[in-house]
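Reviewing the structure listed below.
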Amino acid sequence: MIIKKEQTIFIEFDNNQGLLALVGPQDRNILHIEQKFGVSIALRGNKLAISGPQAEIIHVKSILQYLFSQFLKGKPLEIEDVDTAIRIVGASVSFDQESSAQEENEISIPTKRRTVFPRSSRQAEYIKIMQTHDLVFGLGPAGTGKTYLAVAYGVSLLLSGQIDRIILSRPAVEAGEKLGFLPGDMREKVDPYLRPLYDALHDMLPAEQVVKRMSNGEIEVAPLAFMRGRTLSNAFVILDEAQNTTPIQMKMFLTRLGINSQMVITGDLTQVDLPTGVLSGLKDALRALEGVKEIGYLTLGEEDIVRHSLVSKIVYAYDQYKNRLNQIDY
0 MIIKKEQTIF IEFDNNQGLL ALVGPQDRNI LHIEQKFGVS IALRGNKLAI SGPQAEIIHV
60 KSILQYLFSQ FLKGKPLEIE DVDTAIRIVG ASVSFDQESS AQEENEISIP TKRRTVFPRS
120 SRQAEYIKIM QTHDLVFGLG PAGTGKTYLA VAYGVSLLLS GQIDRIILSR PAVEAGEKLG
180 FLPGDMREKV DPYLRPLYDA LHDMLPAEQV VKRMSNGEIE VAPLAFMRGR TLSNAFVILD
240 EAQNTTPIQM KMFLTRLGIN SQMVITGDLT QVDLPTGVLS GLKDALRALE GVKEIGYLTL
300 GEEDIVRHSL VSKIVYAYDQ YKNRLNQIDY
């Protein structure tokens, strides 16, 4: 048996507020890192003492230095940001190279309640594509931020006066449910399907502003069926869960795009809830529009997932399971 010799190194910080943010409430952040790497991290005045095998403590030192640099740029240091730092520092690019590259090309989305930062290189690319294209397809599994970042970008455009309104839409019927069988009036029937969009809005704007802007028409959250016959001008338009549209619905929605408007279509082609034999409108659109150069496309992957770290492992496990099933000769 090879026994790894434990060592201790110290990192000194010249910003006490940043050090406390790095440690986290109830030492949450450093406990998370300890659990991930099997090291011990202790606060000693304005220093952190890291104890453990040499390879691990050097790696953890880079993670902590990266997180501290993010604090100095005004970024939050939540558990999700710790996981992002672990991914970035664990990549083949060194900490110093990654840090300088980020400083050269810093990307953020300012909103009323928070400044939203990309948590992976592909999320940063996604924001760039939204900044340069009037129509964007953002694809990927749950938790990759494809809808959240689109809502944030739309809110920033509204706040800066570049558009007059935000329109958020989703197919109102998923997994075979029919609205007519649900209790309540039309709003009560469709609200549960649109709840993720409301949640994203409340992350970007104070609650009273969400209510005010929805009442005066600056923000509209509506099921896809309500888009027929409209021309959406001076607007930022998002169609979420687009994999659950039919080809006819998708074509209808895409042709709503008006003057001085942008449209983002998000979806996950591995989560189609349409009846068996019905082609996904998202898949159909990707094929039909393949040659249109003015359209932006980006596919986010499991490594871009910013929810609980277990989510990316779940997505990966399902992908592997699906591949094994496809290899079985029936």
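Numbering that gives the first Met the number 0 applies: residue 0 is where the sequence shown begins, and numbers increase by one. A virtual CB, placed ideally from N, CA and C, is assigned to each residue, including glycine.
Can you tell me whether residue i is helix, strand or coil according to DSSP?
i	result
V291	coil
A141	coil
L268	coil
V220	strand
E33	helix
P246	helix
N215	coil
G175	Here G175 scores only 44 on pLDDT, less than 50, and its place in the model should not be relied on; the value that follows carries that caveat. Three-state DSSP puts G175 in coil, outside helix and strand.
E301	helix
G280	helix
N104	Note that N104 has pLDDT 46, beneath the 50 cutoff, so the model's placement of it is unreliable and no number is given.
G17	helix
T391	For the chain, the structure presents residues 0 to 329; residue 391 sits outside this window and is missing.
L193	helix
P170	coil
E77	coil
S99	Residue placement at S99 is poorly supported in this model, since its pLDDT is 42, which falls under 50; the coordinates still yield a value, given next. Helix, per DSSP.
E240	coil
L63	helix
G160	coil
V22	helix
V38	coil
K72	coil
T342	Within the shown structure, residues of the chain are numbered from 0 to 329, placing residue 342 beyond reach of any answer.
L204	coil
With DSSP as the reference, identify every bridge partner of residue i, one or two as the case may be.
i	result
T114	P109
K46	E11 and R43
F235	I165 and Q261
V135	V263 and G295
L256	L231
G51	Q6
Report the rounded CA-to-CA distance for residue i versus residue j, giving the unit in angstroms.
i	j	result
A41	Q248	57 angstroms
H31	H201	28 angstroms
L76	F12	16 angstroms
T230	E217	15 angstroms
E173	P52	In this prediction, E173 scores a pLDDT of 48, lower than 50, which makes its location untrustworthy; the coordinate-derived value is nonetheless stated afterwards. Straight-line Cα distance between these residues: approximately 50 angstroms.
R113	P205	10 angstroms
D198	N15	33 angstroms
T131	A123	13 angstroms
N28	T143	21 angstroms
R212	D26	39 angstroms
S107	S168	24 angstroms
L138	R43	45 angstroms
Y65	A48	16 angstroms
I304	I313	11 angstroms
S260	N45	50 angstroms
I294	E55	44 angstroms
L125	V150	The displayed chain sequence assigns Tyr, not Leu, to residue 125. Their Cα atoms are separated by approximately 13 angstroms.
L330	G17	This structure leaves residue 330 out entirely; the chain is present only between 0 and 329.
R194	V220	9 angstroms
A84	V210	36 angstroms
D239	S50	46 angstroms
N215	A284	33 angstroms
F235	V38	47 angstroms
Q34	R86	15 angstroms
> Below 8 angstroms, can you find three or more Cβ-Cβ pairs linking the stretch 239-251 to the stretch 264-271?
Replying inline: In this structure the stretch 239-251 touches the stretch 264-271; the number of beta carbon pairs closer than 8 angstroms is three or more.
> Would the stretch 270-282 and the stretch 104-122 be scored as touching if the rule is three or more Cβ pairs under 8 angstroms?
Replying inline: No: fewer than three Cβ pairs fall under 8 angstroms.
>> Is it the case that the stretch 5-18 contacts the stretch 49-65, given that we only count it when at least three CB pairs across the two stretches are under 8 angstroms?
In response: Contact holds between the stretch 49-65 and the stretch 5-18, because three or more Cβ pairs, one in each stretch, are under 8 angstroms apart.
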